[in-house]
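Trainee: Chains A and B, in that order, are what the protein sequence lines are.
So that you can map any letter, position 61 of the first sequence is 61 in the UniProt record's numbering, and since no number is skipped, the others follow by simple counting.
So that you can map any letter, position 106 of the second sequence is 106 in the UniProt record's numbering, and since no number is skipped, the others follow by simple counting.
Glycine included, every Cβ here is placed at the ideal spot set by N, Cα and C.
I'd like to ask some things about the structure below.
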Amino acid sequence: MDILRFATAGSVDDGKSTLIGRLLFDSKAIFEDQLEAVERTSRDRGTEYTDLSLLTDGLRAEREQGITIDVAYRYFATPRRKFIIADTPGHIQYTRNMVTGASTADLAIILIDARKGVLEQSRRHAFLTTLLRVPHLVLAVNKMDLVDYSEARFEEIREEFTAFASKLNASDLTFIPISALHGDNVVSRSENMPWYEGTALLHHLEHVHIASDRNLVDVRFPVQYVIRPHNATNQSLHDYRGYAGQVAGGVLKPGDEVMHLPSGLTTRIKSIDSFDGALDEAFPPMSVTIRLEDDIDISRGDMICRPHNQPHVAQEIDAMVAWMADGVRLQPRSKLVLKHTTRTARTVVRDLQYRLDVNTLHRDETATSLGLNEIGRVTLRTTQPLFVDDYARNRLTGGFILIDETTNGTVGAGMIVDAH
Amino acid sequence: MLQRDYTTSQLDVLEAEAIHVMREVAAEFERPCLLFSGGKDSIVMLRVAEKAFWPAPIPFPLMHVDTGHNFPEVIDFRDRRVAELNARLVVASVQASIDAGRVMEETGRRASRNRLQTTTLLDAIEENEYDAVFGGARRDEEKARAKERVFSFRDDFGQWDPKNQRPELWNLYNTRIRKGEHIRVFPLSNWTELDIWYYIQREGIEIPSIYFAHTRKVFERDGMLLSDDEVVQRGDDEPIFEAVVRYRTVGDMTCTGAVASTATTVEQIIEEVAATRITERGATRADDRASEAAMEDRKKEGYF
Numbered sequence: 001m002d003i004l005r006f007a008t009a010g011s012v013d014d015g016k017s018t019l020i021g022r023l024l025f026d027s028k029a030i031f032e033d034q035l036e037a038v039e040r041t042s043r044d045r046g047t048e049y050t051d052l053s054l055l056t057d058g059l060r061a062e063r064e065q066g067i068t069i070d071v072a073y074r075y076f077a078t079p080r081r082k083f084i085i086a087d088t089p090g091h092i093q094y095t096r097n098m099v100t101g102a103s104t105a106d107l108a109i110i111l112i113d114a115r116k117g118v119l120e121q122s123r124r125h126a127f128l129t130t131l132l133r134v135p136h137l138v139l140a141v142n143k144m145d146l147v148d149y150s151e152a153r154f155e156e157i158r159e160e161f162t163a164f165a166s167k168l169n170a171s172d173l174t175f176i177p178i179s180a181l182h183g184d185n186v187v188s189r190s191e192n193m194p195w196y197e198g199t200a201l202l203h204h205l206e207h208v209h210i211a212s213d214r215n216l217v218d219v220r221f222p223v224q225y226v227i228r229p230h231n232a233t234n235q236s237l238h239d240y241r242g243y244a245g246q247v248a249g250g251v252l253k254p255g256d257e258v259m260h261l262p263s264g265l266t267t268r269i270k271s272i273d274s275f276d277g278a279l280d281e282a283f284p285p286m287s288v289t290i291r292l293e294d295d296i297d298i299s300r301g302d303m304i305c306r307p308h309n310q311p312h313v314a315q316e317i318d319a320m321v322a323w324m325a326d327g328v329r330l331q332p333r334s335k336l337v338l339k340h341t342t343r344t345a346r347t348v349v350r351d352l353q354y355r356l357d358v359n360t361l362h363r364d365e366t367a368t369s370l371g372l373n374e375i376g377r378v379t380l381r382t383t384q385p386l387f388v389d390d391y392a393r394n395r396l397t398g399g400f401i402l403i404d405e406t407t408n409g410t411v412g413a414g415m416i417v418d419a420h
Numbered sequence: 001m002l003q004r005d006y007t008t009s010q011l012d013v014l015e016a017e018a019i020h021v022m023r024e025v026a027a028e029f030e031r032p033c034l035l036f037s038g039g040k041d042s043i044v045m046l047r048v049a050e051k052a053f054w055p056a057p058i059p060f061p062l063m064h065v066d067t068g069h070n071f072p073e074v075i076d077f078r079d080r081r082v083a084e085l086n087a088r089l090v091v092a093s094v095q096a097s098i099d100a101g102r103v104m105e106e107t108g109r110r111a112s113r114n115r116l117q118t119t120t121l122l123d124a125i126e127e128n129e130y131d132a133v134f135g136g137a138r139r140d141e142e143k144a145r146a147k148e149r150v151f152s153f154r155d156d157f158g159q160w161d162p163k164n165q166r167p168e169l170w171n172l173y174n175t176r177i178r179k180g181e182h183i184r185v186f187p188l189s190n191w192t193e194l195d196i197w198y199y200i201q202r203e204g205i206e207i208p209s210i211y212f213a214h215t216r217k218v219f220e221r222d223g224m225l226l227s228d229d230e231v232v233q234r235g236d237d238e239p240i241f242e243a244v245v246r247y248r249t250v251g252d253m254t255c256t257g258a259v260a261s262t263a264t265t266v267e268q269i270i271e272e273v274a275a276t277r278i279t280e281r282g283a284t285r286a287d288d289r290a291s292e293a294a295m296e297d298r299k300k301e302g303y304f
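Written as structure tokens, this is what we have:
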């Protein structure tokens with residue numbers, strides 16, 4: 001059994017909570033005491049139906065104001081897969097939460113109300129999903145029951161969205177007509193839409209192929225921690241020196257020739273160690289410990305790669321940055337801390353090339369700063385070299401976060417598009 | 001030739017993520033510690049810590065907030081495990097906080113030291129100058145926890161502000177704090193109760209005996225079976241009887257209920273947990289039943 005992480009985009013009005021509620025309920029991930037609590041609260045509030053959004057709105061302020069503030073993580077499993085849902089709110093702090101939820105997602109579900117069709121909001125969701133390079137996208141056209149399960153309406157929405165998506169380089173795009181309320185095409189195929197030849201949503205989630213979404217080509221091993229037991233009594237451990245980390249790309253095997261950055265020195269992998277014994281190979285997302293044939297001075301923040309396949313060693317990078325801070329704005333000369341893989345450096349904003357309107361995709365080159373929930377293309381200069389790939393090639397070696405040194409808050413997320 | 005698929009099982013993915021989190025803490029903080037109660041989640045967390053730094057020993061101490069109302073079987077287990085690992089255990093005692101006048105013992109039938117633990121925990125964090133504290137909490141446990149970060153910032157009063165959390169992207173964690181502040185770190189955030197049991201099964205990890213079905217003297221309160229013990233205030237209208245039970249969670253004797261069960265092996269527990277229709281905290285924890293936001297309110301104060 002493997003794991004599929006997916007994000008859901010849409011508002012309560014689109015039936016997102018109902019859809020999640022149905023997936024959880026039909027897969028028995030909602031328990032009787034949780035359902036009773038939700039029923040009790042719905043009753044107390046005078047709501048006529050059981051409000052399933054109360055299951056995901058976990059905080060007091062959310063329940064009091066009837067809004068979703070933050071990303072909530074929900075879990076369910078079928079015999080085929082374990083699922084982690086990043087449920088992102090529809091309105092408040094939208095970009096910030098959606099970017100966060102999408103950063104680790106294998107798949108995103110965008111909900112569209114069949115009566116309303118493709119709205120500005122749907123385009124924004126699709127744009128953010130592709131910006132974050134979520135490999136699989138599902139357009140769930142919901143409330144089909146309210147358009148008489150019309151094939152013509154579904155096709156109309158499909159065509160309109162496909163035309164828009166061609167501008168985004170959306171990768172794998174699947175359209176499913178559903179009714180979350182009645183369960184049509186959610187867990188099982190609907191008899192109300194015999195014209196639909198695809199699978200139900202849950203079947204798609206269970207079967208979509210994600211193993212090849214990881215980068216298994218470019219070997220990238222950011223050194224996270226150096227393990228030195230310093231064991232005086234056990235002679236075999238006395239000189240042990242292992243480089244611990246999580247594989248960010250490629251497949252590593254004992255005997256492979258590897259290069260260390262920043263030194264540029266080459267050596268071979270002596271062994272790949274784990275608590276459970278030596279390993280024949282390591283690949284993402286495994287956390288392992290590597291020993292090398294030669295004694296090289298290696299510390300946290302360094303990178304191990306292959307001599308003929310190296311990341312860019314760069315101090316000047318171009319990136320799409322999503323700004324997440326409330327008070328301060330990002331502008332040329334802003335000084336920030338940048339964390340990329342296991343390396344942290346100080347950075348200064350050299351240039352804001354343009355601000356992107358997430359609804360129209362218009363590039364505003366006259367913009368002089370980015371505010372909360374705005375996205376733009378930025379040039380950054382770092383105090384130390386970073387070992388980077390384009391985000392499109394590897395999300396783990398192409399993504400970084402920005403931290404404000406005065407507040408210590410995480411204020412931005414960056415996706416590298418070019419490096420020098 | 002068939003190409004390998006490189007599919008990774010859910011337990012391997014969860015373990016790799018938790019190991020990554022632990023190494024990140026060891027690399028970026030000065031004084032981390034790991035909360036170890038002898039409960040199943042912290043037992044799993046301890047195994048992950050062992051794996052993360054092997055063949056070196058775990059590079060931080062363990063801490064237990066001891067209410068004095070723990071199950072003796074669990075305390076025995078805790079001490080045995082600590083000795084096996086040759087780890088350092090710091091015991092923060094709620095009784096000592098009461099004796100020092102830091103907190104007041106609750107009175108009455110429902111008296112519990114559950115809430116008092118927060119003061120003891122925060123005092124111990126301050127005294128030992130811990131800057132990162134590992135906890136075994138999982139997001140599937142409770143709805144306030146579903147919204148908490150893996151690296152959860154606490155101000156210098158130990159408080160959690162759910163409306164002002166740091167965004168968490170990819171596998172990049174912001175570890176920056178000022179002196180006096182700390183981060184609660186939850187490496188098992190994405191595990192479910194069943195994942196924990198599958199992992200215990202796969203790894204062959206020992207757990208305290210009270211997780212398995214046994215005969216115990218209990219009495220019923222609010223639909224829960226509480227253990228008969230001198231620390232539990234029992235009314236005359238709450239008769240004692242013998243029942244075959246096991247514990248699904250392990251907390252204080254005063255507020256942790258047993259469930260009727262005949263499961264005597266991990267396999268049988270997995271079958272039981274997979275079939276149950278009640279959440280673990282709903283079935284067994286009086287402390288969470290106080291109100292809709294009982295956990296959120298305690299967490300804001302600095303609870304686990």
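For Lys40 (chain B), which of helix, strand or coil comes out of DSSP?
Mentor: Looking at Lys40 (chain B) - three-state DSSP - the assignment turns out to be helix.
Trainee: Residues bridged to Ile85 (chain A) by DSSP?
Mentor: Ile85 (chain A) is bridged to A:Phe6, A:Arg74.
Trainee: Using only the alpha-carbon positions, how far apart do Ile317 (chain A) and Asn231 (chain A) sit?
Mentor: So the two alpha carbons sit approximately 42 Å from each other.
Trainee: Under three-state DSSP, which class holds His340 (chain A)?
Mentor: Reduced to three states, the DSSP call for His340 (chain A) is strand.
Trainee: Distance check for Gly158 (chain B) and Ser93 (chain B), CA to CA, integer angstroms please.
Mentor: One C-alpha to the other measures close to 18 Å.
Trainee: For His238 (chain A), does the count of other Cβ atoms within 10 angstroms reach 16, so buried, or fall short, so exposed?
Mentor: Its Cβ having fewer than 16 others within 10 Å, His238 (chain A) is exposed.
Trainee: Going along the chain, which residues of the segment 177-193 of chain B sit with their C-beta nearer than 9 Å to a C-beta in chain A?
Mentor: Residues Ile177, Arg178, Glu181, Ser189, Asn190, Trp191, Thr192.
Trainee: Return no unless some Cβ of chain A is closer than 8 Å to the Cβ of Trp170 (chain B).
Mentor: Chain A, which has a Cβ nearer than 8 Å to the Cβ of Trp170 (chain B), makes this yes.
Trainee: From the DSSP output, in three-state form, read off Asn309 (chain A) for me.
Mentor: Correct three-state label for Asn309 (chain A): strand.
Trainee: Check the Cβ of Asp41 (chain B) against every Cβ in chain A and list those closer than 7 Å, keeping chain order.
Mentor: Near Asp41 (chain B) there are no residues of chain A at all, since even the closest Cβ is about 15 Å away, more than 7 Å.
Trainee: Can you pull out the residues from the segment 3-31 of chain B whose beta carbon lies closer than 8 Å to at least one beta carbon of chain A?
Mentor: Listed by position, the residues of the segment 3-31 of chain B near chain A (Cβ gap below 8 Å) are Asp5, Tyr6, Thr7, Thr8, Ser9, Gln10, Asp12, Val13, Leu14, Glu15, Ala16, Glu17, Ile19, His20, Arg23, Glu24, Ala26, Ala27.
Trainee: Any C-beta of chain A sitting closer than 8 Å to the C-beta of Arg139 (chain B)?
Mentor: With 8 Å as the cut-off, Arg139 (chain B) counts as an interface residue toward chain A.
Trainee: Where does Phe134 (chain B) fall in DSSP's three states?
Mentor: Strand at Phe134 (chain B).
Trainee: Determine, using beta carbons only, whether Glu257 (chain A) and Pro332 (chain A) come nearer to each other than 8 Å.
Mentor: No, these two residues do not count as a Cβ contact at 8 Å.
Trainee: So the candidates are B:Arg88, B:Ala213, B:Thr119; which of them puts its Cα closest to the Cα of Gly101 (chain B)?
Mentor: Measuring from the Cα of Gly101 (chain B), the nearest candidate turns out to be B:Thr119.
Trainee: Considering Cα atoms alone, identify which of A:His125, A:Asn97, A:Pro254, A:Gly376 is closest to Ala108 (chain A).
Mentor: When only C-alpha atoms are compared, the closest one is A:His125.
Trainee: Enumerate, from N- to C-terminal direction, the unbroken beta strand (DSSP E) stretches of 3 or more residues contained entirely within the segment 186-237 of chain B.
Mentor: Whole beta strand (DSSP E) segments, 3+ residues: 214-221, 224-227.
Trainee: Using CA coordinates, which residue listed in A:Pro229, A:Pro284, A:Asn234, A:Glu159 is at the minimum distance from Asn215 (chain A)?
Mentor: It is A:Pro284 whose Cα lies nearest to the Cα of Asn215 (chain A).
Trainee: Is Asn234 (chain A) helix, strand or coil by DSSP?
Mentor: If DSSP states are grouped into helix, strand and coil, Asn234 (chain A) belongs with coil.
Trainee: Kindly say whether residue 434 (chain A), judged by its beta-carbon, lies nearer than 8 Å to any beta-carbon of chain B.
Mentor: Given a span of 1 to 420 for chain A in the structure shown, any question on residue 434 (chain A) remains unanswerable.
Trainee: Nearest by alpha-carbon distance to Ile178 (chain A): which of A:Val99, A:Asp113, A:Arg5 is it?
Mentor: Cα-wise, what sits closest to Ile178 (chain A) is A:Asp113.
Trainee: Just verifying my parser: in three-state terms, what is the DSSP assignment at Asn142 (chain A)?
Mentor: Strand, per DSSP.
Trainee: Return the CA-CA distance between Ala140 (chain A) and Thr8 (chain A), expressed in angstroms with no decimal places.
Mentor: One C-alpha to the other measures close to 10 Å.
Trainee: My parser needs the beta strand (DSSP E) runs of 3 or more residues fully inside the segment 203-288 of chain A; what are they?
Mentor: Correct list: 225-227, 242-246, 257-261, 266-273.
Trainee: Whole angstroms are fine: how far does the CA of Val38 (chain A) sit from the CA of His214 (chain B)?
Mentor: Cα to Cα, the separation comes out at about 34 Å.
Trainee: Comparing alpha-carbon positions, which option in A:Ala322, A:Asp294, A:Thr267, A:Phe76 lies nearest Leu202 (chain A)?
Mentor: Per the Cα distances, A:Phe76.
Trainee: Ordered along the chain, which non-local residues of its own chain (more than five positions away) have a Cβ less than 6 Å from that of Tyr173 (chain B)?
Mentor: Excluding sequence neighbours, Tyr173 (chain B) sits near Glu24, Phe151.
Trainee: Counting only beta-carbon separations shorter than 8 Å, does Trp197 (chain B) have a partner in chain A?
Mentor: False, the Cβ-Cβ gap to chain A never drops below 8 Å.
Trainee: Taking Cβ to Cβ, would you say Arg246 (chain B) is nearer than 8 Å to Phe219 (chain B)?
Mentor: The answer is no: Cβ separation not under 8 Å.
Trainee: Looking at chain A, is there any beta carbon in it that lies within less than 8 Å of the beta carbon of Ala124 (chain B)?
Mentor: No, Ala124 (chain B) does not count as interfacial toward chain A.
Trainee: Determine the extent of the alpha helix (DSSP H) in which Met1 (chain A) is found, giving its start and end residues.
Mentor: Met1 (chain A) -> no alpha helix (DSSP H), and no H or E assigned at all.
Trainee: Closest by CA to Leu35 (chain B), which one among B:Pro57, B:Val185, B:Asn86?
Mentor: Considering only alpha carbons, the answer is B:Val185.
Trainee: Could you name the residues of the same chain whose beta carbon sits closer than 7 Å to that of Lys143 (chain A), not counting the 5 residues immediately before and after it, in chain order?
Mentor: Gly15, Asp113, Ala114, Arg115, Ser179, listed in sequence order.
Trainee: Kindly indicate which three-state DSSP category Lys300 (chain B) falls into: helix, strand or coil?
Mentor: Of the three classes helix, strand and coil, the one that applies to Lys300 (chain B) here is helix, per DSSP.
Trainee: Can you give me the Cβ contacts of Ser171 (chain A) inside the same chain, cut-off strictly under 6 Å, excluding the 5 residues immediately before and after it?
Mentor: So the qualifying residues of the chain are Pro135.
Trainee: Counting only runs that start and end within the segment 126-180 of chain B, where is the alpha helix (DSSP H) found for 4 or more residues in a row?
Mentor: Runs of the alpha helix (DSSP H) inside the segment 126-180 of chain B: none found.
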